[in-house]
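Enquirer:
In the numbering used here, the protein residues as written are 2 to 334.
#1: What are the start and end residues of the beta strand (DSSP E) that includes residue 117?
#2: Could you please give me the residues that DSSP links to residue 321 through a beta bridge?
#3: My output table needs one value for residue 251: the three-state DSSP class, helix, strand or coil.
#4: Taking 6 Å as the limit between beta carbons, can you name the residues of its chain near residue 52, skipping five residues before and five after?
#5: Put residue 193 into one of helix, strand or coil per three-state DSSP.
#6: Could you tell me how far apart the beta carbons of residue 177 and residue 223 are, in whole angstroms, since I believe they sit closer than 8 Å?
#7: My understanding is that residue 158 touches residue 105, with C-beta atoms under 8 Å, so please give their C-beta distance in whole angstroms.
#8: Look up residue 223 in the DSSP assignment and give the residues it is bridged to.
#9: Whole angstroms are fine: how far does the CA of residue 239 sit from the CA of residue 253?
#10: In this structure, does DSSP put residue 44 in helix, strand or coil?
#11: Spell out the partners DSSP gives residue 110 in its beta bridges.
#12: Is the beta carbon of residue 114 less than 8 Å from the beta carbon of residue 82?
#13: How should residue 22 be labelled, buried or exposed, when 16 other C-beta atoms within 10 angstroms of its C-beta is the threshold for buried?
#14: Relative to the C-alpha of residue 326, which residue among 306, 25, 126, 231 is closest?
#15: Classify residue 103 as helix, strand or coil using the three-state DSSP reduction.
#16: So, residue 90 versus residue 152, is the Cβ gap smaller than 8 Å?
#17: Under a Cβ-count criterion, where at least 16 other Cβ atoms within 10 Å of its own Cβ denotes burial, should residue 102 be classed as buried or exposed?
#18: From residue 126 to residue 88, what does the alpha carbon distance come to, in whole angstroms?
#19: Just verifying my parser: in three-state terms, what is the DSSP assignment at residue 168?
#20: For residue 38, which three-state DSSP category applies?
#21: Taking the Cβ atom as the reference point for each residue, do residue 267 and residue 192 lie within a distance shorter than 8 Å?
#22: Taking the Cβ atom as the reference point for each residue, do residue 112 and residue 149 lie within a distance shorter than 8 Å?
#23: As a quick exercise: from 216, 319, 182, 124, pick the residue whose alpha carbon is nearest that of residue 248.
#24: Check residue 11 in the structure and name its three-state DSSP category.
#25: Please determine, among 46, 47, 97, 77, the residue with the shortest C-alpha to C-alpha distance to residue 69.
#26: What three-state label does DSSP hand residue 71 in the structure shown?
#27: In chain order, what residues of the same chain have a beta carbon less than 7 Å from the beta carbon of residue 219, not counting five sequence neighbours either side?
#28: Excluding sequence positions up to five away, which residues of its chain have a Cβ less than 8 Å from the Cβ of residue 313?
#29: Count the other CB atoms, across all protein chains shown, that sit within 10 Å of the CB of residue 233; report buried if there are 16 or more and exposed otherwise.
Listed below in structure tokens is the structure:
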């Protein structure tokens with residue numbers, strides 16, 4: 002072998018190994034998101050804002066930012082991948098809305114064993130992005146994972162006032178705001194009032210919470226999460242340092258739905274609101290103007306740090322006491 006052939010063979014071998022580098026071949030997984038999402042979510046910002054760069058370039062914000070992140074339940078990701086993708090966007094939008102904010106952009110982290118499974122998740126993400134008008138601007142994709150998992154984050158902005166669960170005070174009324182026009186998704190406790198709804202209706206709902214904050218119809222709110230209505234109520238109590246007497250007779254499930262299921266479910270649009278008694282009429286007017294939503298006064302916040310379920314005049318049961326932490330994020334001293 003000549004001295005000239007040896008470097009060429011060495012280079013060829015090196016190139017062959019580099020072509021097979023797992024980190025390089027794995028980049029092909031990104032073809033899924035590249036096919037799923039529009040490449041220029043913010044055309045006015047030019048080519049630097051196109052998808053595929055190291056970070057997403059976003060429009061400047063004139064007000065404080067909100068950042069929310071959710072991991073999707075493994076069973077949902079495994080059994081209903083399209084809906085998991087949809088929910089990844091929806092639940093974060095509700096978190097942004099709960100603080101009186103409006104969403105700007107979505108990112109996600111997707112891990113799947115099969116590309117076909119990932120495609121269904123991405124399809125759900127894209128549909129929610131289109132329906133709610135919030136672009137997916139980046140993320141991470143691995144289609145050679147030993148497990149299936151999805152996490153989604155949303156960046157938003159809040160012009161104020163900010164709605165914080167910590168702002169609930171003794172004497173406030175607790176209101177349930179929820180979309181009852183739906184059904185349970187399969188055998189899960191997910192109350193789906195969104196996937197078949199008209200997009201304009203869903204966008205009006207998402208815009209309602211910032212409007213309620215802006216005109217002082219409410220001053221505290223929390224999105225009803227996987228903990229259900231009762232679990233969310235306990236989180237509001239912990240964060241605010243208040244108690245809450247929850248009146249079960251004021252909570253009316255949709256026809257055919259048992260009360261326990263309604264108290265336990267994760268609704269696609271559901272919030273607990275805190276408002277002073279004098280705010281109630283303005284709140285009711287705002288909600289009625291949005292259309293299709295149920296607003297019910299379901300209790301009152303108290304100075305005693307405990308969540309109590311009441312049924313009738315005399316029956317009551319304590320669900321949570323402030324003596325023991327729930328999440329660990331209690332009232333600020």
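Positions of the beta carbon are idealized from the N, C-alpha and C atoms, including for glycine. Source: prediction; values computed, not measured.
Expert: Walking through what the data contain:
#1: First-last for residue 117: 116-133, but that is the alpha helix (DSSP H), not the beta strand (DSSP E).
#2: 308
#3: helix
#4: 40
#5: strand
#6: About 11 Å; that fails the 8 Å criterion.
#7: 6 Å
#8: 273
#9: 25 Å
#10: helix
#11: 141, 152
#12: no
#13: exposed
#14: 306
#15: strand
#16: no
#17: buried
#18: 8 Å
#19: helix
#20: coil
#21: yes
#22: yes
#23: 319
#24: helix
#25: 97
#26: strand
#27: 164, 213, 274, 275, 276, 280, 284
#28: 250
#29: buried
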